[in-house]
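Visitor: Just passing along the structure, written as structure tokens.
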Amino acid sequence: MLYKNLKSLFFLLKWEEIGEVDEDYAPIHTYQVCRVMEQNQNNWLYTNWILTEGAQRVYIELKFTLRDCNSLPGGVGTCKETFNMVLKENRYIKVDTIAADESFTELDLGDRVMKLNTEVRDLGPLTHKGFYLAFQDLGACIALVSVRVFYKRCPFLVKSLAEFPDTIPGSEASQLVEVVGHCVNNSLPLYEPPRMHCSTEGEWLVPIGKCVCKPGYEEISGACQVCKVGFYRSLLESPGCSKCPPHSVARQTGATVCTCEDGYYKIESDPSNMACTRPPSAPRNAISNVNETSVFLEWSIPLETGGRKDIRYNILCRQVLPEGRGLDECGPNVRFLPRRVALSNTSVMVADLQSHTNYSFLLEAVNGVSELAKDHPKQYVSLNVTTNQAAPSPVSVVRKGHTGKSSIALSWAEPDRPNGIILEYEIKYFEKEQDSSYTIIKSKDTEMVVEGLKPSSVYIFQVRARTSAGYGAFSRRFEFQTSPYLLCFSFRRCGYSKAKQDPEEEKMHFHNGHIKFPGVRTYIDPLTYEDPNQAVHEFAQEIDVSSISIERIIGAGEFGEVCCGPLRLPGKREIQVAIKTLKVGYTEQQRRDFLWEASIMGQFNHPNIIRLEGVVTKSKPVMIITEYMENGSLDTFLKKNDGQFTVIQLVGMLRGIASGMRYLSDMGYVHRDLAARNILVNGNLVCKVSDFGLSRVLEDDPEAAYTTRGGKIPIRWTAPEAIAYRKFTSASDVWSYGIVMWEVMSYGERPYWEMSNQDVIKAVEESYRLPGPMDCPEALYHLMMDCWQHERTNRPKFDEIVCLLDKLIRNPSSLKKLVNSSHRYEGKSGSAFTLICIAVLLFRTSFQTKHSIEIYKQKPEKKTQTKAKFIGSVVSFK
Numbered sequence: 001m002l003y004k005n006l007k008s009l010f011f012l013l014k015w016e017e018i019g020e021v022d023e024d025y026a027p028i029h030t031y032q033v034c035r036v037m038e039q040n041q042n043n044w045l046y047t048n049w050i051l052t053e054g055a056q057r058v059y060i061e062l063k064f065t066l067r068d069c070n071s072l073p074g075g076v077g078t079c080k081e082t083f084n085m086v087l088k089e090n091r092y093i094k095v096d097t098i099a100a101d102e103s104f105t106e107l108d109l110g111d112r113v114m115k116l117n118t119e120v121r122d123l124g125p126l127t128h129k130g131f132y133l134a135f136q137d138l139g140a141c142i143a144l145v146s147v148r149v150f151y152k153r154c155p156f157l158v159k160s161l162a163e164f165p166d167t168i169p170g171s172e173a174s175q176l177v178e179v180v181g182h183c184v185n186n187s188l189p190l191y192e193p194p195r196m197h198c199s200t201e202g203e204w205l206v207p208i209g210k211c212v213c214k215p216g217y218e219e220i221s222g223a224c225q226v227c228k229v230g231f232y233r234s235l236l237e238s239p240g241c242s243k244c245p246p247h248s249v250a251r252q253t254g255a256t257v258c259t260c261e262d263g264y265y266k267i268e269s270d271p272s273n274m275a276c277t278r279p280p281s282a283p284r285n286a287i288s289n290v291n292e293t294s295v296f297l298e299w300s301i302p303l304e305t306g307g308r309k310d311i312r313y314n315i316l317c318r319q320v321l322p323e324g325r326g327l328d329e330c331g332p333n334v335r336f337l338p339r340r341v342a343l344s345n346t347s348v349m350v351a352d353l354q355s356h357t358n359y360s361f362l363l364e365a366v367n368g369v370s371e372l373a374k375d376h377p378k379q380y381v382s383l384n385v386t387t388n389q390a391a392p393s394p395v396s397v398v399r400k401g402h403t404g405k406s407s408i409a410l411s412w413a414e415p416d417r418p419n420g421i422i423l424e425y426e427i428k429y430f431e432k433e434q435d436s437s438y439t440i441i442k443s444k445d446t447e448m449v450v451e452g453l454k455p456s457s458v459y460i461f462q463v464r465a466r467t468s469a470g471y472g473a474f475s476r477r478f479e480f481q482t483s484p485y486l487l488c489f490s491f492r493r494c495g496y497s498k499a500k501q502d503p504e505e506e507k508m509h510f511h512n513g514h515i516k517f518p519g520v521r522t523y524i525d526p527l528t529y530e531d532p533n534q535a536v537h538e539f540a541q542e543i544d545v546s547s548i549s550i551e552r553i554i555g556a557g558e559f560g561e562v563c564c565g566p567l568r569l570p571g572k573r574e575i576q577v578a579i580k581t582l583k584v585g586y587t588e589q590q591r592r593d594f595l596w597e598a599s600i601m602g603q604f605n606h607p608n609i610i611r612l613e614g615v616v617t618k619s620k621p622v623m624i625i626t627e628y629m630e631n632g633s634l635d636t637f638l639k640k641n642d643g644q645f646t647v648i649q650l651v652g653m654l655r656g657i658a659s660g661m662r663y664l665s666d667m668g669y670v671h672r673d674l675a676a677r678n679i680l681v682n683g684n685l686v687c688k689v690s691d692f693g694l695s696r697v698l699e700d701d702p703e704a705a706y707t708t709r710g711g712k713i714p715i716r717w718t719a720p721e722a723i724a725y726r727k728f729t730s731a732s733d734v735w736s737y738g739i740v741m742w743e744v745m746s747y748g749e750r751p752y753w754e755m756s757n758q759d760v761i762k763a764v765e766e767s768y769r770l771p772g773p774m775d776c777p778e779a780l781y782h783l784m785m786d787c788w789q790h791e792r793t794n795r796p797k798f799d800e801i802v803c804l805l806d807k808l809i810r811n812p813s814s815l816k817k818l819v820n821s822s823h824r825y826e827g828k829s830g831s832a833f834t835l836i837c838i839a840v841l842l843f844r845t846s847f848q849t850k851h852s853i854e855i856y857k858q859k860p861e862k863k864t865q866t867k868a869k870f871i872g873s874v875v876s877f878k
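Structural data, given as structure tokens:
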């Protein structure tokens with residue numbers, strides 16, 4: 001306020017100064033004028049010079065009384081009920097005409113009732129250091145009781161640890177004056193300096209920014225106080241001092257960070273509120289899955305992670321040297337997929353190892369602070385594995401030597417990884433663009449001359465090697481051309497002449513997948529022998545019954561009991577074997593049928609084919625001795641361990657089955673009964689193909705069904721052409737392999753659930769295909785669908801299946817995308833109406849008996865598998 005004392009404010013011009021007392025008898029001064037009896041009044045009351053003190057807008061508060069003109073006696077010269085307020089800076093300017101809200105009368109005077117009026121006017125913007133104020137009376141009866149001249153200001157303020165000084169508002173009514181505050185008491189601006197805005201009403205408005213206590217201090221009761229011992233504050237954004245995180249201490253007040261205890265560490269990127277950590281313990285539950293010369297390693301996260309989530313894994317591979325000469329690090333040829341160090345997932349595939357070799361693998365877990373913990377001893381988990389016999393790698397180079405008009409000389413190098421002793425090579429060749437008709441020649445050397453070719457013709461050549469583990473893959477195709485035929489007479493292709501072939505070479509001609517000319521075959525059907533006993537003794541080793549001890553019965557077979565026990569052969573270590581016995585009272589035909597499977601099995605030698613140890617035929621009971629598979633049949637094993645395996649483990653099982661089937665296919669053998677029940681599993685989860693006696697399917701076998709051409713076959717696993725025309729080929733085995741894939745990924749579910757065999761046949765012919773199992777990777781389901789192509793020529797070969805599964809195992813991320821659950825019931829055509837088609841199909845088959853249509857629906861009670869059941873009559877037809 002600029003002035004308080006009314007007496008010192010004015011000088012008079014025809015106004016009167018009156019001294020009175022108020023209700024409390026305190027003296028008051030008033031200025032009055034009441035010359036209403038006279039004409040033409042012009043009475044002034046002036047103030048002295050009033051300083052603005054920097055204010056650009058001031059306020060005038062007037063308190064006054066004014067008499068009602070109607071209460072005055074007659075003969076009044078002039079009477080008004082208003083007066084004027086005038087401002088002068090450099091000239092006089094009328095501010096306003098002031099009127100009374102309430103006026104008094106003569107009666108009020110008698111009762112001493114003071115009807116006081118209050119009016120406030122604002123003046124501005126003012127441009128000078130001061131001003132004069134005047135009141136003009138033009139004929140009113142007025143008593144000016146109080147004149148208060150003041151301006152508003154924003155007072156000194158401390159807010160959010162920031163000081164804001166006294167601030168005079170701006171000149172405009174809506175103007176806000178921005179004021180920058182000053183941080184106090186060990187505080188600092190947060191992001192930007194604090195600001196407030198002073199309004200013309202003297203109020204602080206629109207706060208922006210603030211001050212916060214600097215690190216090592218916290219705000220308590222509007223002031224910054226130092227953090228106590230054991231507490232810290234490192235960031236301006238932190239609300240207050242925090243207790244040091246686990247395994248760290250602050251030994252002084254005002255700490256901005258906490259120091260890690262001995263044996264615990266932090267890296268620069270760790271947040272301040274994160275506990276100090278240490279290296280992890282060793283990985284747990286490490287397991288290995290050997291597949292020929294590849295090893296799949298899998299483990300669980302360490303029991304003690306050190307308090308961190310950035311765990312990575314390193315693999316150390318060492319080869320066990322023979323004769324106890326120690327260990328040697330694996331060479332650069334060994335591949336680790338996806339890599340050897342800094343693995344984020346808990347599995348790795350180690351490929352290109354040597355066959356029949358002992359290896360030691362050390363698995364180490366590390367985290368972000370492992371490099372800082374120099375004194376912390378490294379912790380490993382060790383795995384010792386022995387690789388199996390593996391087929392040789394492909395021949396990489398085939399060279400052409402001397403070329404004649406009907407012959408080409410070839411040579412090649414031994415495979416980079418023979419994985420054993422090379423027994424022989426196969427040379428496959430055919431005329432370009434005529435790959436449906438080809439010839440295979442066998443040789444024990446790495447060179448030979450191929451004869452009987454057409455002049456001026458281009459031939460495709462491929463070479464593969466064979467060891468005791470089987471054939472490797474064929475080399476890539478090499479194109480070579482014979483010399484031109486120079487004589488001008490008709491040429492007729494020469495036939496095969498054995499006399500021109502090396503005695504060590506064998507030659508087979510194939511046309512459309514069948515042997516065209518007689519020759520030596522890889523697989524020999526035992527039924528071609530007049531005396532079945534001759535086949536048994538040619539392909540199976542006779543074992544003395546004294547070498548066998550039967551310890552317990554593990555099942556019942558078609559011809560008798562299945563037992564297990566140790567086999568002790570002279571000069572060999574004792575091994576556990578499975579023993580199939582022929583029951584007492586057998587016929588000679590039953591004996592032949594019983595030993596027929598051994599005659600087949602004895603021709604195979606592959607890590608994914610059940611191994612025949614020998615037979616007992618010279619004493620009773622007659623026995624077939626095979627390797628012992630601890631986990632039994634694959635379908636039962638999966639049902640017992642529902643949901644217990646990782647996707648990579650399941651794919652590893654499928655890869656082993658495909659590898660065994662590739663071997664059988666290369667041998668020219670068609671299995672005809674490939675199903676999970678005929679796959680056996682050992683203690684290392686290695687899957688092996690077994691059961692080579694489909695022609696002996698019993699009449700009461702629940703998985704068999706009569707076909708239109710007679711004979712029983714397992715409908716749910718069999719390709720359409722094999723059902724309809726009994727056309728069994730390697731391609732029909734591929735179809736069955738797709739069903740096995742579905743069984744594995746659904747943990748032993750029954751294919752097609754409760755559908756009858758006839759309904760399965762009709763549904764498959766109508767392009768219905770099994771839906772993707774729950775949690776099945778999309779890549780695997782696509783492979784299943786390829787195996788179930790109606791045209792058998794469109795189905796993949798087993799070597800292509802093995803190659804694809806190897807790629808998936810090497811790249812586990814490709815298995816993360818799962819089959820879309822909303823499309824899991826689509827058929828081969830991709831139509832969402834596949835099940836409706838099945839319903840219509842079932843209606844066709846049951847129309848004569850007026851049966852109602854039954855369709856399939858997913859069971860909700862088991863989330864880990866794809867289940868289906870009949871849900872009753874949905875649509876009825878009369």
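Take the sequence shown: its letter number 493 is residue 493 in UniProt numbering, and every next letter is one higher. Every residue gets a Cβ at the ideal spot worked out from N, C-alpha and C, and that includes glycine.
#1: List the residues that DSSP assigns as beta-bridge partners of Lys210.
#2: Nearest CA to the CA of Ser443: which residue from Leu453, Ile427 and Glu433?
#3: Quick one: residues in its chain with C-beta nearer than 7 Å to the C-beta of Ser187, no 5 flanking neighbours on either side, listed in chain order?
#4: Can you list, in chain order, the residues of its chain with a C-beta nearer than 6 Å to that of Gly202? Leave out the 5 residues immediately preceding and following it.
#5: Does DSSP put Thr834 in a helix, a strand or coil?
#6: Going straight from the alpha carbon of Gln576 to that of Ala722, what length do you get?
#7: Rounded to whole angstroms, how far is the Cβ of Thr346 from the Cβ of Glu298, which I believe are closer than 8 Å?
#8: Who pairs with Ser436 in a beta bridge, going by DSSP?
#9: Rounded to whole angstroms, what is the Cα-Cα separation between Met349 and Arg339?
#10: Hey, Arg417 and Asp352 are a contact pair by Cβ (cut 8 Å); roughly how many whole angstroms apart?
#11: Going by the beta-carbon positions, is the gap between Thr259 and Gly216 smaller than 8 Å?
#12: Tell me which same chain residues have a C-beta within less than 6 Å of the C-beta of Lys88, skipping the five on either side of it?
#13: Going by CA-CA distance only, name the one from Gln56, Ala391 and Pro415 that's closest to Val398.
#14: Where does His782 fall in DSSP's three states?
#15: Taking only three categories from DSSP, how would you classify Ser873?
#16: Between which two residues does the beta strand (DSSP E) harbouring Met448 extend?
#17: Does at least one heavy atom of the ligand MN sit under 7 Å from the Cβ of Trp717?
#18: Which residues does DSSP pair with Gly19 in a beta bridge?
#19: Tell me whether Leu321 is buried or exposed, calling it buried when 16 or more other Cβ atoms sit within 10 Å of its Cβ.
#20: Measuring straight from C-alpha to C-alpha, what distance separates Phe156 and Val180?
#21: Taking contact to mean at least 3 C-beta pairs separated by less than 8 Å, is the stretch 785–800 in contact with the stretch 735–745?
#22: Excluding the 5 residues flanking Cys241 on each side, which residues of the same chain have their C-beta closer than 6 Å to its C-beta?
#23: Can you tell me the Cβ-Cβ gap for Pro279 and Val369, rounded? I've got them flagged as a contact below 8 Å.
#24: Please report how far the alpha carbon of residue 905 lies from the alpha carbon of Arg318, in whole angstroms.
#25: Tell me which same chain residues have a C-beta within less than 6 Å of the C-beta of Thr118, skipping the five on either side of it?
#26: Name the two residues that bound the continuous alpha helix (DSSP H) containing Tyr725.
#27: Would you check if the distance between the CB atom of Val290 and the CB atom of Asn314 is smaller than 8 Å?
#28: For Asp96, report the span of its alpha helix (DSSP H) as first-last.
#29: Determine the burial state of Val584: buried for a count of at least 16 other Cβ atoms within 10 Å of its Cβ, exposed for fewer.
#30: If you draw a straight line from the C-alpha of Pro455 to the C-alpha of Leu654, how long is it?
#31: Whole angstroms is fine: what's the gap from Ala731's alpha carbon to Pro532's?
#32: Apart from the five residues just before and just after Val334, which ones in its own chain have a Cβ nearer than 8 Å to its Cβ?
#33: Is DSSP giving Ser483 helix, strand or coil here?
#34: Three or more beta-carbon pairs under 8 Å between the stretch 601–616 and the stretch 650–668, yes or no?
#35: May I have the straight-line CA-CA distance separating Asp635 from Gln649, to the nearest angstrom?
#36: List the whole-angstrom C-beta distance separating Met196 from Phe150, where the pair is believed to meet the contact cut-off of C-beta under 8 Å.
Guide: Put simply:
#1: Leu190
#2: Ile427
#3: Leu161, Cys211, Val212, Cys213, Lys214 and Cys224
#4: Lys152, Arg153 and Cys154
#5: Here the model assigns Thr834 a pLDDT of 42, short of 50, so the residue's position is not dependable, and the following value carries that caveat. Thr834 falls in the helix class under three-state DSSP.
#6: 38 Å
#7: 6 Å
#8: Paired residue(s): none; Ser436 is not in a bridge.
#9: 9 Å
#10: 7 Å
#11: no
#12: Tyr132
#13: Pro415
#14: helix
#15: Note that Ser873 scores 24 on pLDDT, short of 50, meaning its location in the model is unreliable; the coordinates nonetheless yield the value given after this. Strand, per DSSP.
#16: Glu447 to Glu451
#17: Judged by which ligands are present, the structure shown has none, so any question about the ligand MN falls away.
#18: His29
#19: exposed
#20: 13 Å
#21: yes
#22: Glu218, Cys227, Phe231 and Arg233
#23: 6 Å
#24: The shown model of the chain, from 1 to 878, leaves out residue 905, and the question about it has no answer.
#25: Lys63
#26: Pro720 to Tyr725
#27: no
#28: Element bounds for Asp96: not the alpha helix (DSSP H) but the beta strand (DSSP E), Tyr92 to Ala99.
#29: exposed
#30: 46 Å
#31: 29 Å
#32: Cys317, Val350, Ala351, Asp352 and Leu353
#33: coil
#34: yes
#35: 15 Å
#36: Wrong, their Cβ atoms sit about 22 Å apart, outside the cutoff.
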